[in-house]
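A quick write-up on the structure given underneath.
In this note's numbering, the protein residues as written are 1123 to 1340.
Laid out in structure tokens, this is it:
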């Protein structure tokens, strides 16, 4: 069978195949000391979902960050990857609030920065001056050296989520969205020169548009 024929058949099969939704569930984080890692991540406030051991050669711990639909797992007999080789990303709606929370919990973290999230040489002190979504960061490592980049996301790029659905992972995320809507609405009232009795509708449109990446009300 020629490569052209094979490719043609593959395209036909792909076209007729049923679409399967795939939702990211768990990342495997390689660690050297399971109890030490569990202590660190619970200190961060991550929920312990499972801690399962089977004899002396297997143990798996699963934890979920607050407001997240995805989890991490680590343990003994779970992965051959070298401890400290993992790189992961987290998002928050308020990077400065997240930084204060990490410091209060005794987590050794970088300052808030903008610029390059990957190269320390490209980092610039402080949050993005315009507080653009996706542009402000904090970084930290667990005791094994597994690295996490925390990114501030306040407005999703178009097409990243279902525009017909507005959801929040936590009360804190919703509160942050309402504060941004309130600040924008205050500017709206200053421009119009009069109070807006329909502010709940304005807030709702702002919050939904911000999350979907649509044009914001002005």
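Glycine included, C-beta positions come from ideal geometry on N, C-alpha and C.
These figures come from a predicted structure and were not determined experimentally.
Quick one, are the C-beta atoms of residue i and residue j less than 9 Å apart?
i	j	result
residue 1200	residue 1169	no
residue 1299	residue 1332	yes
residue 1335	residue 1277	yes
residue 1186	residue 1173	no
residue 1251	residue 1234	no
residue 1151	residue 1210	yes
residue 1179	residue 1198	yes
residue 1157	residue 1205	no
residue 1245	residue 1255	no
residue 1207	residue 1236	no
residue 1338	residue 1297	no
Of the residues the options, which one's Cα is nearest the Cα of residue i?
i	options	result
residue 1194	1312, 1226, 1160, 1251	1160
residue 1322	1304, 1315, 1334	1304
residue 1213	1167, 1287, 1272, 1327	1272
residue 1167	1154, 1147, 1223, 1149	1223
residue 1264	1241, 1329, 1163	1163
residue 1146	1191, 1318, 1184, 1294	1191
residue 1155	1310, 1247, 1183	1183
Sort out for me which residues DSSP pairs residue i with in a bridge.
i	result
residue 1213	1273
residue 1174	1182
residue 1146	According to DSSP, residue 1146 bridges with nothing at all.
residue 1245	1237
residue 1194	1149, 1185
residue 1169	1186
Check for me: the alpha helix (DSSP H) holding residue i runs from which residue to which?
i	result
residue 1263	Note, residue 1263: premise wrong, no alpha helix (DSSP H); beta strand (DSSP E) at 1258-1263.
residue 1069	The question about residue 1069 has no answer here: the residues shown for the chain are numbered 1123 through 1340.
residue 1298	1293-1314
residue 1327	1321-1334
Are the C-beta of residue i and some C-beta of chain B separated by less than 9 Å?
i	result
residue 1230	Note that chain B does not occur in the displayed structure, where there is just one protein chain.
Specify, as a first and last residue, the run of the beta strand (DSSP E) that residue i falls within.
i	result
residue 1199	No beta strand (DSSP E) holds residue 1199; DSSP gives it neither H nor E.
residue 1235	1235-1237
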